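K.L.:
The structure under discussion is supplied below as structure tokens; questions concerning it will follow.
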Amino acid sequence: MAVLARASANEIDTLLTKHGSVPSHTILRGPEGGLVMVRGRAGGGGSAFNLGDMTVTRCTVRTESGFVGHAYVAGRETRRAELAALVDALMQDPDRAADLEVRVIAPLAAVQARHAAERAAKAAATRVQFFAMQTMRT
Amino acid sequence: MAYVAIKGGEQAIDNAHAWLAEERRGDTATPALSVSQIQEQLGRSVDRVMAEGSLYDRELAALAIKQAQGDLIEAAFLLRAYRTTLPRFAHSVAVETGSMRIERRVSAIFKDLPGGQVLGPTYDYTHRLLDFSLLGDETVAPETETAAGHVGTMPRVPDILGHEGLLEADAPSSREPGDLTREPLTFPAERDVRLQALARGDEGFLLGLGYSTQRGYGGSHPFAGEIRMGEVSVEIEPAELGFDIDIGDLIMTECQMVNQFKGSKTVPPQFTRGYGLVFGFGERKAMAMALVDRAMRAAELGEDVTAPAQNVEFVLYHSDNIEATGFVEHLKLPHYVDFQSELQNVRRMRKEAAE
Chain F
1 MAVLARASAN EIDTLLTKHG SVPSHTILRG PEGGLVMVRG RAGGGGSAFN
51 LGDMTVTRCT VRTESGFVGH AYVAGRETRR AELAALVDAL MQDPDRAADL
101 EVRVIAPLAA VQARHAAERA AKAAATRVQF FAMQTMRT
Chain Y
1001 MAYVAIKGGE QAIDNAHAWL AEERRGDTAT PALSVSQIQE QLGRSVDRVM
1051 AEGSLYDREL AALAIKQAQG DLIEAAFLLR AYRTTLPRFA HSVAVETGSM
1101 RIERRVSAIF KDLPGGQVLG PTYDYTHRLL DFSLLGDETV APETETAAGH
1151 VGTMPRVPDI LGHEGLLEAD APSSREPGDL TREPLTFPAE RDVRLQALAR
1201 GDEGFLLGLG YSTQRGYGGS HPFAGEIRMG EVSVEIEPAE LGFDIDIGDL
1251 IMTECQMVNQ FKGSKTVPPQ FTRGYGLVFG FGERKAMAMA LVDRAMRAAE
1301 LGEDVTAPAQ NVEFVLYHSD NIEATGFVEH LKLPHYVDFQ SELQNVRRMR
1351 KEAAE
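This is how it looks when you write it as structure tokens:
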């Protein structure tokens, strides 16, 4: 779900339909927009506090073979929530899970890892060594 | 004091709004500004509107900025209003800033802290000279240098200093935190509610208050222990699933302020702390928040409450720019009856004085 939540609808759609059309499914709930109240911790590790809301879209679908999948994804893209719920449902089918893992999840994860590595490499280029002047406080 | 209901003026109001729409668009010889341009190229405005609008959604914040002609308080107001139309599905598990994917992380107290100092995309060390090359259309941004080596998660400064007991430890509790969006503000306000109010408070107001603590109004000698910015993943536990799921990333800025000592009969002196956490890349706001958070802990730490920043009621009642805007700007509404009675009063007083 972490991978699907970070992928765009187009990316999921493209990978899912590489070998045919989007598997038929019934929508049980949504896709509907709402909020999640994001919490932080005082001091970073202390008691929780409410930081602010974020937009979230959720969806629940059932596949033809009766597997139910849920998705909650950041943002307001309804198509993405529906596709994420569909992949979640399809992956509950033990016969298809391994295939989907290879065909959909792994390529998405690779793209996301590459993106994260690019940001990390830019950050690494701004890593500094400060040299303090020893004589400033004598 | 009260304002009165009036009727009429519909045509004038319609015309005013039509003119507003025209002014917003500006000269049509200039191409219209797209929401994605605002989102991509005015990122710090987007961050501020999300923080003060208390809603993380980059696209909606950019839309609000466009609609408000760049008036960021008006834009935050639009986001707050939109927020009230949505149902709340859940609250998140408290985010782990210790696992942040770091894009910036600096410390003013440790030169060689584990993980190192990472400047990130900062305005620090720029010369603040206008860059006239930006007057033209830059089609391609200059390529950013990359470096081998990994910038991943890094220990937080309190985790480093805390081991020796030199720094006040976090006090976790399982208590359900208060929520200003559900219950009205009451006093004494606990730290959870204070932090929520600060996180959505006006950057300018908190900056001024934070500055006042540095200038001696309730000072507690702060050091910027650590400032970090980057992506943090958000997890929720939906009732229908019964386990945590990751729903995506948010960019956040965290500030750990380290302040002078406090000890007791049982605990030897140790540094105290103030905390700031905001949506987006908002370093100035996070630092100001941490200063004011620490100042508002005065009573808890046995300090005299003498300065505005230490006065919890004063800070919390005045930090919200939407509330402040509402009350200040309501003065524009018709106060004709009120003013008539005041006029009568002042005429009577003058007449009496003349007699």
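Which chain is which? The protein sequence lines are F and Y, in order.
Using the numbering used here, read the first sequence as starting at 1 and increasing by one per residue.
Using the numbering used here, read the second sequence as starting at 1001 and increasing by one per residue.
Even for Gly, the Cβ is constructed at its ideal location relative to N, Cα and C.
Being a predicted model, the structure only gives us computed values, none of them experimental.
#1: Relative to the ligand NAD, is the shortest distance from any of its heavy atoms to the C-beta of residue 69 (chain F) smaller than 7 Å?
#2: Which of helix, strand or coil does DSSP assign to residue 65 (chain F)?
#3: Of all the options F:78, F:113, F:98, F:41, which has the alpha carbon lying nearest to the alpha carbon of residue 1254 (chain Y)?
#4: Assign residue 1267 (chain Y) to one of three DSSP states: helix, strand, or coil.
#5: Going by DSSP, name the residue or residues bridged to residue 71 (chain F).
#6: CB-CB under 6 Å to residue 1290 (chain Y), same chain, minus the five flanking residues each way: which ones, in chain order?
#7: Buried or exposed for residue 97 (chain F), going by 16 or more other Cβ atoms inside 10 Å?
#8: Mapping the DSSP letters down to three states, classify residue 48 (chain F) as helix, strand or coil.
#9: Could you pull out every unbroken alpha helix (DSSP H) segment of at least 4 residues lying fully inside the stretch 1180-1216 of chain Y, listed in chain order?
#10: Under a three-way DSSP split, which group does residue 138 (chain F) fall into?
#11: Looking at chain F, is there any beta carbon in it that lies within less than 8 Å of the beta carbon of residue 1344 (chain Y)?
#12: Between residue 1121 (chain Y) and residue 1265 (chain Y), what straight-line distance do the alpha-carbon atoms span, to the nearest angstrom?
#13: By Cβ distance below 8 Å, which residues in the same chain neighbour residue 8 (chain F) in space, the five residues on each side in sequence not counted?
#14: Using a Cβ-Cβ distance under 8 Å, would residue 62 (chain F) count as near chain Y?
#15: Could you check whether the Cβ of residue 138 (chain F) sits closer than 8 Å to any Cβ belonging to chain Y?
#16: Sort F:117, F:107, F:103, F:115 by Cα distance to residue 20 (chain F) and report the nearest one.
#17: Buried or exposed for residue 1016 (chain Y), please, with buried defined as at least 16 other CB atoms from any protein chain shown within 10 angstroms of its CB.
#18: Go through the stretch 65-124 of chain F residue by residue and report every complete run of the beta strand (DSSP E) that reaches 3 residues or more, in order.
#19: At a Cβ cut of 8 Å, what residues of the stretch 48-79 of chain F count as close to chain Y, listed as they run along the chain?
#20: Pull up the CB-CB distance for residue 1201 (chain Y) and residue 1045 (chain Y), whole angstroms please, since I reckon it's below 8 Å.
#21: Ignoring anything shorter than 3 residues or poking outside the stretch 1060-1093 of chain Y, list the beta strand (DSSP E) runs there in chain order.
#22: What residue range does the alpha helix (DSSP H) around residue 1285 (chain Y) cover?
#23: Going by alpha carbons, who is nearest to residue 1111 (chain Y) out of F:117, F:128, F:109?
#24: Measure the C-alpha to C-alpha separation of residue 1183 (chain Y) and residue 1136 (chain Y) and round it to an integer number of angstroms.
#25: Helix, strand or coil for residue 3 (chain F)? Go by DSSP, reduced to three states.
#26: Ordered along the chain, which non-local residues of its own chain (more than five positions away) have a Cβ less than 8 Å from that of residue 3 (chain F)?
#27: Using a C-beta to C-beta distance shorter than 7 Å, which residues of chain Y count as neighbours of residue 46 (chain F)?
#28: Could you compute how far the alpha carbon of residue 1079 (chain Y) sits from the alpha carbon of residue 99 (chain F)?
P.N.:
In terms of the structure at hand:
#1: This structure lacks the ligand NAD, and indeed carries no ligand of any kind.
#2: Sequence index remark: in the first sequence, residue 65 (chain F) carries index 65 (1-based). In this structure, residue 65 (chain F) counts as coil in the three-state DSSP scheme.
#3: Counted from its first residue, the second sequence places residue 1254 (chain Y) at position 254. For residue 1254 (chain Y), the nearest C-alpha among the options comes from F:41.
#4: One-based indexing of the second sequence puts residue 1267 (chain Y) at position 267. Coil, per DSSP.
#5: Counting from 1 along the first sequence, the entry for residue 71 (chain F) is found at position 71. Residue 71 (chain F) pairs with F:59.
#6: In the second sequence, the residue the question calls residue 1290 (chain Y) occupies position 290. Here the set comprises 1255, 1257, 1274, 1275, 1276.
#7: Stepping through the first sequence from its first residue, residue 97 (chain F) is reached at position 97. The residue in question, residue 97 (chain F), is exposed, as its Cβ has fewer than 16 Cβ neighbours within 10 Å.
#8: For this step, residue 48 (chain F) is matched to residue 48 along the first sequence. Here residue 48 (chain F) sits in strand by DSSP.
#9: 1191-1199, 1203-1214
#10: On the first sequence, position 138 is the one that residue 138 (chain F) refers to. At residue 138 (chain F) the pLDDT is 45, less than 50, meaning the model places this residue with poor confidence; the figure from the coordinates comes in the next sentence. Three-state DSSP puts residue 138 (chain F) in coil, outside helix and strand.
#11: The count along the second sequence starts at 1 and reaches residue 1344 (chain Y) at position 344. By this cut-off, residue 1344 (chain Y) is not an interface position.
#12: Looking up residue 1121 (chain Y) in the second sequence gives position 121. Looking up residue 1265 (chain Y) in the second sequence gives position 265. Taking the straight line from one Cα to the other gives about 45 Å.
#13: As a working note, residue 8 (chain F) is residue 8 in the first sequence. Correct list, in chain order: 77, 80.
#14: As a first step, residue 62 (chain F) must be located in the first sequence, where it is residue number 62. Judged by the 8 Å Cβ criterion, residue 62 (chain F) is not in contact with chain Y.
#15: Counted from its first residue, the first sequence places residue 138 (chain F) at position 138. At residue 138 (chain F) the pLDDT is 45, less than 50, meaning the model places this residue with poor confidence and gives no usable figure here.
#16: Position 20 of the first sequence, counting from 1, holds the residue named residue 20 (chain F). Selected option, being the one with the closest Cα: F:103.
#17: Taking the second sequence and counting its residues from 1, one reaches residue 1016 (chain Y) at position 16. So residue 1016 (chain Y) counts as exposed.
#18: 68-74
#19: 48, 49, 50, 51, 52, 53, 54, 55, 56, 58, 60, 70, 72, 73, 74, 75, 76
#20: Along the second sequence, read from residue 1 onward, the residue named residue 1201 (chain Y) stands at position 201. Along the second sequence, read from residue 1 onward, the residue named residue 1045 (chain Y) stands at position 45. Actually they are not in contact, since the Cβ atoms of residue 1201 (chain Y) and residue 1045 (chain Y) sit about 17 Å apart, beyond 8 Å.
#21: Within the stretch 1060-1093 of chain Y, the complete beta strand (DSSP E) runs of at least 3 residues are 1088-1091.
#22: As a first step, residue 1285 (chain Y) must be located in the second sequence, where it is residue number 285. 1283-1295 is the span of the alpha helix (DSSP H), which, as asked, contains residue 1285 (chain Y).
#23: As a working mapping, residue 1111 (chain Y) is identified with position 111 in the second sequence. Of the listed residues, the one whose Cα sits closest to residue 1111 (chain Y) is F:128.
#24: Reading the second sequence from its first residue, position 183 is the one you call residue 1183 (chain Y). Reading the second sequence from its first residue, position 136 is the one you call residue 1136 (chain Y). Each residue's Cα considered, the two are about 50 Å apart.
#25: Numbered from its first residue, the first sequence carries residue 3 (chain F) at position 3. In the displayed model, residue 3 (chain F) falls within a helix according to three-state DSSP.
#26: Within the first sequence, residue 3 (chain F) is the residue found at index 3, counting from 1. Apart from sequence neighbours up to five positions away, the residues of its chain that approach residue 3 (chain F) with a beta-carbon distance below 8 Å are 105, 108, 109, 112, ordered along the chain.
#27: The residue labelled residue 46 (chain F) in the question sits at position 46 within the first sequence. Simply 1170, 1171, 1172.
#28: As a working mapping, residue 1079 (chain Y) is identified with position 79 in the second sequence. As a working mapping, residue 99 (chain F) is identified with position 99 in the first sequence. One C-alpha to the other measures close to 42 Å.
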